[in-house]
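Encoded as structure tokens, the structure appears first; notes follow it.
Numbering (the numbering used here), first residue to last: -2 to 139.
Now the structure itself:
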């Protein structure tokens, strides 16, 4: 009987740990503010990594007073506006920056999809009459 209890505990502890990690990740993914960011597409697929639409963010140029445009030395960019509309971005403004994106995340993104869907989306992104938009969620950690 004691052996069966140890066996059940040995099975339950890893499952409880995995469940807790999943719940924590799920809760974290639902935090933050959503923003609609314009994008420009390029490179529809990579045979080694699967099918995707790769895009560059097209951050608005207008900056609020006291903000500076992005340069090569920034650590994060501040996003200004009323969610979900981005009205402008600037480099890290310290405490005045409530919504920010880390520098490595602010330039491009990748949307995984089927090969047929990737081609369809890429063709739409190439159309100069259309503007692609991605909805991102900014958590307090950027």
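Note that the Cβ used here is the ideal one computed from N, Cα and C, for glycine as well.
At what residue ranges does the region 81 to 110 contain a whole run of the beta strand (DSSP E), taking only runs of 3 or more?
-> 82 to 88, 97 to 99, 105 to 109
Would you identify the three-state DSSP class for residue 38, choosing helix, strand or coil?
-> Locating residue 38 in the chain shown gives position 41, where the first residue counts as 1. Reduced to three states, the DSSP call for residue 38 is strand.
Since residue 129 sits in a beta bridge, which residues does DSSP pair it with?
-> Here residue 129 refers to the residue found at position 132 of the chain shown. 36, per the DSSP bridge assignment.
Closest by CA to residue 51, which one among 137, 77, -1, 104?
-> Residue numbering aside, residue 51 sits at position 54 when the chain shown is read from its first letter. Nearest option by C-alpha distance: 104.
Can you say whether residue 123 is buried or exposed, counting buried as having 16 or more other CB atoms within 10 angstroms of its CB?
-> Position 126 of the chain shown, counted from the start, is the residue given in the question as residue 123. That one is exposed.
When we look at the beta-carbon of residue 125 and count the other beta-carbons within 10 Å, is it buried (16 or more) or exposed?
-> In the chain shown, the residue the question calls residue 125 occupies position 128. By the Cβ-count criterion, residue 125 is exposed, with fewer than 16 other Cβ atoms from all chains shown falling within 10 Å of its own Cβ.
Under the DSSP definition of a beta bridge, which residues are partnered with residue 74?
-> Here residue 74 refers to the residue found at position 77 when the chain shown is read from its first residue. DSSP output for residue 74 lists 88, 98 as bridge partner(s).
Taking all protein chains shown into account, do 16 or more other C-beta atoms lie within 10 angstroms of the C-beta of residue 32, making it buried, or fewer, making it exposed?
-> To locate residue 32, count along the chain shown from 1; it is residue 35. Result: buried.
Using 8 angstroms as the threshold, is the region 112 to 122 in touch with the region 11 to 23, meaning 3 or more CB pairs across them?
-> no
Cβ shell of residue 28 (< 6 angstroms), same chain only, five flanking positions each side left out | Along the chain shown, one-based indexing puts residue 28 at 31. Closer than 6 angstroms at Cβ, skipping near neighbours: 136.
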